[in-house]
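First up is the structure itself, then whatever we jot down about it.
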Amino acid sequence: MASPRLILLLLLASAFSLSTVLAQWHQNWAGNRSDNGSALAVVMGDSRRIFANHFFTKADVYFHSGYYPSIFDAPKQQERSHMEEDLTQTHDDEDEDDHHAHDESCDHGEEHGEAEFLDKPRNIIDAFGRNFYITSHSHLAEGEQREMLPWLKIAAELDPQKVQTYTVASYWLRSRLNKPKEAEQFLREGLRVNPDSYEILFELGRIQRENYTNPDNARNLWELALLKWRKQESAGLKPNEFNYQQIIGFLGALEEQQGNVVKAIEYFEALKEVSPAKADIELRIEKLKVASEPQ
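4 is the number of the first residue of the sequence shown in my numbering; add one for each residue after it.
Encoded structure:
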C-alpha cells in the first residue's frame, strides 16, 4: 500500500503539470486577460456579447418609459434602437430643434396611436389587456434619462467592441444630463478599446465643439474621424455612409463659421455627392461663393 506521503507528492506533481498546461492554454486563448483586463470577460467569454445586447436593449426600454414591444407586437423590427435614432436626429446648431421635432414625431397621439408602437391587437383579449399597461410610444422626461445609463455602462463592460454603447451614452450624458466631462471620459475608454472608431472620434469632436467651444480640437478630431472612415472604405469594410455625411457636414459647417470659405465649400461639395438633399447643399454652396466675392 502506497504511503500517504508518496500520494501527496504525486498529487503535487500532477497539479504542477496541470498548471503549466493551463497557463499555456490561457495565454493562447482568444479571451485571455491580455486582451481585456476585465475578469468578467475572461469568465464569460464570447457569451458576454449576448448579455451586452440585452443590457443595451434594457436601456432602450427605460428610454421608452418602461415598456417595450414584444416580438409579437413589433413584427417589423428596426435595425437601430430608438436611443440611436434620437442621437442621429441632432445636427450642428439645429441640434435642439431637431430633437424636439423627433419627440413630436414620436408622440403619435390620435393620428398614429398605438398602431405603430404595438401594431393592431391580435385578438379581443389582447385589446382588453392594453387598458392596463402603457400602449403609447413615449420617451423619458427631461432629466430622467439617467435611469438607463447604468445599463449602457454594463453593456460596455460586457462588450467593449460595441461602439454604439459609448456614443449613445455620451449623447445622453452631454446633451440631456449636462455632464460633458463624464461623456468624454466614457468615450475615451471606448476609444482605447476601439482606436479606429470614427463614430467615437466624431462624438468626441461634438463635445469639444458644442460643450467646450473649442473649434480647433473639434476640427482635429473630426479630421481624424474622416481619415479613419476613408481608411475603412479603402479596405472594403463598408463603413456607415450616414456617419460620413455627418463628419463632412459638421466639418463644412465649422469651416464656414470660422471663415474658411474655400475649405467649407470643399466639404459641402463632397457632402452633395452622397446626400439626398443635393439642392439645399448646392444653395448653401452658392451663398458661400457669393459672400466670398470681393465687393
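Just so it is clear, CB atoms sit at the ideal spot from N, CA and C, and this is done for glycine as well. Since this is a predicted model, take the numbers as computed values, not measurements.
A distance below 7 Å between beta-carbons, with the five flanking residues on each side excluded, links SER173 to the following residues of its chain, in chain order: ALA186, PHE189, LEU190 and GLU206.
Listed in chain order, the alpha helix (DSSP H) elements of length 4 or more contained wholly in the segment 232-294 are 244-260 and 264-277. DSSP, reduced to helix, strand and coil, places GLU296 outside both helices and strands of the structure shown, so it counts as coil. Annotation: ALA273 to THR23 spans about 57 Å, alpha carbon to alpha carbon.
Residues of the same chain with a CB within less than 7 Å of the CB of ASN197, apart from the 5 flanking positions on each side, are GLN164, VAL166 and ILE203 in chain order.
C-alpha of LEU14 to C-alpha of GLN235: approximately 54 Å in a straight line. In its chain, beyond the 5 residues on either side, TYR201, PRO242, ASN246, TYR247 and ILE250 have a beta carbon closer than 8 Å to the beta carbon of TRP232. DSSP, read as helix, strand or coil, puts LEU180 in coil. Per DSSP, TRP154 is one residue of the alpha helix (DSSP H) stretching across 152-161.
Secondary structure of THR23 (DSSP, three-state): helix.
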